[in-house]
Every structure is written in C-alpha cells, then in structure tokens.
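Enquirer: In the working numbering, the protein residues as written are 1250 to 1390.
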C-alpha cells in the first residue's frame, strides 16, 4: 500500500509548487517585457531566443500543472495518456488554425490588391456597324 505524506509534508510540497510556478511566470513576464523593450528592437536574435525561452517555460508550466496539480504523476499510464494525447491534439489544432488563418490573410491581400488595380479602357475604334454577308461584304442595316 502506498504511504501518504503527512499534512506538513503536503503543505510544504504545495508551497514549493506554487513558488516554482511563480518563479517561472515571473521569468516569462521578464522575457516578454525584455522582448518588447525599445533597446531590443534591432536585435532579431534576442527576439527569437526570448520567444523560444517563453515557449519552453510555458510547456514546462503546463507539464508541472498536469502532473502535480491534476495528480497525473500518481496515476496509471493509460489514464495519464487519456489526458495528455487530447492536449497534444489541441496544440496541433491551434498551430493548424494559425497556418490556415495566415493563408486566408495572404489570399485576402491578393484579392484586395487586384480589386485596387485600375484597368485602362481603350476607346472603341471607328469601325462600321452592320452585318457581314456570306461573301464577306459589309451591309448596313
């Protein structure tokens, strides 16, 4: 039978988890503010590194919340996978929607660009009006 932690141990674990989540959140906020700073505008590499760090920290926070606060670390593997696999599909769907939205935006810009184009109409030439006979003669009429 599994041993249960005492109340004090459980309380200490919760505070440790909350402290970890707070530290990771503060790091994410700091990186976001650093990325948006005026002095960082010319540094494209800083933007990429900060973005990757924010993504990694967010994934770690999601992992920690699912495994500790949802108690998936203490469940059988099958039950944990029934929660994790739909989450992976949800992430895939969000990425797919962003790509689809970007494609629609590109198509819309192309259509708007073509709608703004002006086509010069050339004046009609002064050609005679009538009908052609089978011999090729023009008759007015």
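For each residue, glycine too, the CB sits at the ideal point set by N, CA and C.
Computed from a predicted structure; not experimentally measured.
Please confirm if the stretch 1312-1322 is in contact with the stretch 1284-1302, defined as three or more CB-CB distances below 8 Å between the two stretches.
Expert: No, they do not touch.
Enquirer: Are the stretch 1353-1364 and the stretch 1296-1309 touching by the rule of at least three beta carbon pairs closer than 8 Å?
Expert: Because the criterion of three Cβ pairs below 8 Å is not met, the stretch 1353-1364 and the stretch 1296-1309 do not touch.
Enquirer: How should residue 1250 be labelled, buried or exposed, when 16 other C-beta atoms within 10 angstroms of its C-beta is the threshold for buried?
Expert: Here residue 1250 corresponds to residue number 1 of the chain shown, with the count starting at 1. In this predicted model, residue 1250 has a pLDDT of only 43, less than 50, meaning its place in the structure is not dependable enough to derive any value.
Enquirer: Starting from the Cα of residue 1284, find the closest Cα among 1264, 1272, 1297 and give me that residue.
Expert: Counted from its first residue, the chain shown places residue 1284 at position 35. Measuring from the Cα of residue 1284, the nearest candidate turns out to be 1297.
Enquirer: Considering only C-alpha positions, which residue in the set 1266, 1345, 1281 is nearest to residue 1311?
Expert: In the chain shown, the residue the question calls residue 1311 occupies position 62. That would be 1266, whose Cα lies nearest to the Cα of residue 1311.
Enquirer: Between residue 1281 and residue 1263, what straight-line distance do the alpha-carbon atoms span, to the nearest angstrom?
Expert: Numbered from 1 along the chain shown, position 32 holds the residue referred to as residue 1281. Numbered from 1 along the chain shown, position 14 holds the residue referred to as residue 1263. Looking at the two C-alpha atoms, the distance is approximately 27 Å.
Enquirer: Which residue marks the beginning of the alpha helix (DSSP H) containing residue 1291, and which one marks its end?
Expert: Taking the first residue of the chain shown as position 1, residue 1291 is located at position 42. Segment: none, residue 1291 is in no alpha helix (DSSP H) and carries neither H nor E.
Enquirer: Could you check where the alpha helix (DSSP H) with residue 1346 kicks off and where it finishes?
Expert: Taking the first residue of the chain shown as 1, we reach residue 1346 at position 97. Residues 1326-1365.
Enquirer: How is the alpha helix (DSSP H) around residue 1274 delimited, first residue to last?
Expert: Taking the chain shown and counting its residues from 1, one reaches residue 1274 at position 25. From DSSP, the alpha helix (DSSP H) with residue 1274 extends over 1256-1285.
Enquirer: Per DSSP, what kind of secondary structure is residue 1314 in: helix, strand or coil?
Expert: As a position in the chain shown, residue 1314 is number 65, starting the count at 1. Three-state DSSP puts residue 1314 in a helix.
Enquirer: Just the Cα atoms here: how many angstroms apart are residue 1370 and residue 1364?
Expert: Position 121 of the chain shown, counted from the first residue, corresponds to residue 1370. Position 115 of the chain shown, counted from the first residue, corresponds to residue 1364. So the two alpha carbons sit approximately 16 Å from each other.
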